[in-house]
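Protein chains in written order, with my numbering: chain A, 1 to 200; chain B, 1001 to 1200. Glycine included, each C-beta is placed from N, C-alpha and C at the ideal position. As structure tokens, the structure follows; a few thoughts come after it.
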DNA sequence: GTATAGTGTTGAGGATATTGAACGCGCCAA
DNA sequence: TTGGCGCGTTCAATATCCTCAACACTATAC
């Protein structure tokens, strides 16, 4: 309290909002794991109140405590801060290698990562090998999705409507409707799609 | 102080020595940067006493403070903890991609990382393109080095002695002697070398 | 020898993180 | 309605961090 300390308060910087994305990062990870604050507290041996404070950026936890918290779900300190730094840096461009890739049999999703889980949409490319089929998927999420076909052909079923789309064609529907994607041709089909709000 | 707390003390675990490699990690980084505790303190705006305590694992710094400390030299939180986790895990095998690679013109060093700076030696492969030349290097470090040639041929000068080695040949000398490596052939030369104690 | 500046460490103090228990809220069942 | 149980937040008290200032040591200069 000397009055002219240059950088005494290491916490609480609402003006610029630079650092301390730690709280949002933890909250996003916890919610992605489907855990409540109290469940995470029980798992990690940290009090739920502390988790609440961390998520609100009302405290800067010690390294030891944060490590304990992260033991509640599979996440390393370096992985945690990699996401924090990615979020602080707010990257705009993404190389193909740093996308989150998910392979389900003949189907491949390659999407932009969202380390804080705060984005309004989720954009990805989907690649369907010949014969690929999502099956009748019933999504419980209250979201909408749409996309454009880039190459190949794809049969899309939404509710009672069926259509086969080719390059340049597009679709848009409510995710709560039962829907199915099938590649009936012998050519790889690639499309770019978006979903709002993010479903996972 | 209830007497039967299961995991109250998150710090101070000398018995197993599991976590809290944080201190050694920080010390190694600081020393590799050639900084004293006080110099790092001035650069980062943290008190030198705190840096001392962290390096001795007598405290677990808050995330905010550790971030401040690391701003003293170029190091991110995720990079810091990546080294911590590597050290805690004490890896035994190293894929080629995770080696520390340094390129100096026609010469390439690929060495095993030492996140804590505590190893007694440093082992690496050295690749000399045709025409590569280290020049007369005078090392100030009080160490010894040696190695075996794997392929190609290399001319080595140590003090007043000169020799050209081929596959299977070896060398060993005091690093304080002036020495020079030259690839005079038209073939890439590769060798595996060791140095004790680590020179950098 | 003293002085000055460097190093890493330690102790007392105030500031802050962390706990344990409360609070207020929403939801479902009796 | 009441009761119970889940959630996330917040309060007072304690444990811990963090600073400031001192200490002990080494080295170089005078």
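Host beta strand (DSSP E) of residue 1176(B) (start-end): Counting along the chain, residue 1176(B) falls outside any beta strand (DSSP E), and DSSP gives it neither H nor E.
Beta-carbon of residue 1022(B) versus every beta-carbon of chain A: anything under 8 Å? yes
Using a cut-off of 7 Å between C-beta atoms, extract the partners of residue 1063(B) located in chain A. 22, 60, 61, 63 and 66
In whole angstroms, what separates the C-alpha of residue 58(A) from that of residue 66(A)? 14 Å
Residue environment, residue 1118(B), which counts as buried when at least 16 other CB atoms sit within 10 Å: exposed
Beta carbon proximity, residue 35(A) to chain B, threshold 8 Å: no
Is there at least one Cβ from chain A nearer than 8 Å to residue 1078(B)'s Cβ? yes
Just mark residue 1120(B) as buried or exposed, buried being the case when its beta carbon has 16 or more other beta carbons within 10 Å. exposed
Just checking: is the beta-carbon of residue 84(A) within a distance shorter than 8 Å of some beta-carbon in chain B? yes
Is there contact here, the region 1022-1029 of chain B with the region 21-38 of chain A, by at least three beta-carbon pairs under 8 Å? no
For residue 1080(B), which residues from the same chain have a beta carbon less than 7 Å from its beta carbon, with the 5 sequence-adjacent residues on both sides left out? 1025 and 1070
Could you name the residues of the same chain whose beta carbon sits closer than 7 Å to that of residue 41(A), not counting the 5 residues immediately before and after it, in chain order? 47, 48 and 51
In the DSSP assignment, what residue or residues form a beta bridge with residue 1124(B)? 1111(B) and 1193(B)
Could you tell me whether the Cβ atoms of residue 1142(B) and residue 1176(B) are closer together than 8 Å? yes
Who are the Cβ neighbours of residue 1173(B) in its own chain at under 6 Å, not counting the five residues just before and after it? 1158
Output yes if chain B places a C-beta closer than 8 Å to the C-beta of residue 109(A); else output no. no
When the distance is taken between beta carbons, is residue 165(A) closer than 8 Å to residue 150(A)? no
The ligand SAH heavy atom lying under 7 Å from the CB of residue 1169(B): The ligand SAH is absent from the structure shown, which contains no ligands of any kind.
So, with DSSP's three-state summary, where would you put residue 181(A)? strand
So who's on the other strand from residue 1022(B), going by DSSP bridges? Answer is none; residue 1022(B) lacks a bridge partner.
Please return the same chain residues whose Cβ sits closer than 8 Å to the Cβ of residue 171(A), not counting the five positions on each side in sequence. 146, 147, 156, 158, 163 and 165
Helix or strand or just coil, what does DSSP make of residue 151(A)? strand
May I have a chain-ordered list of the alpha helix (DSSP H) segments no shorter than 4 residues that lie completely inside the region 40-77 of chain A? 48-55 and 63-70
Let me confirm a value: residue 183(A) is counted as buried when at least 16 other C-beta atoms fall within 10 Å, else exposed. Which label applies? buried
Leaving out five residues before and five after residue 1127(B) in sequence, what residues of the same chain have Cβ atoms less than 6 Å from its Cβ? 1108 and 1190
Neighbourhood of residue 1098(B) by C-beta distance below 8 Å, restricted to the same chain and skipping five residues each side: 1113
Please name the residue or residues paired with residue 1133(B) in a DSSP beta bridge. 1182(B)
Counting only beta-carbon separations shorter than 8 Å, does residue 81(A) have a partner in chain B? yes
Is the beta carbon of residue 1063(B) sitting closer than 8 Å to the one on residue 1022(B)? no
Which residues bound the beta strand (DSSP E) around residue 162(A)? 161-165
For residue 1009(B), is the classification buried or exposed, using 16 other Cβ atoms within 10 angstroms of its Cβ as the cut-off for buried? Because the pLDDT at residue 1009(B) is just 41, under 50, the model does not fix this residue reliably, and the point stays unresolved.
For residue 1095(B), which three-state DSSP category applies? coil
Are the beta-carbon atoms of residue 1130(B) and residue 1192(B) separated by less than 8 Å? no
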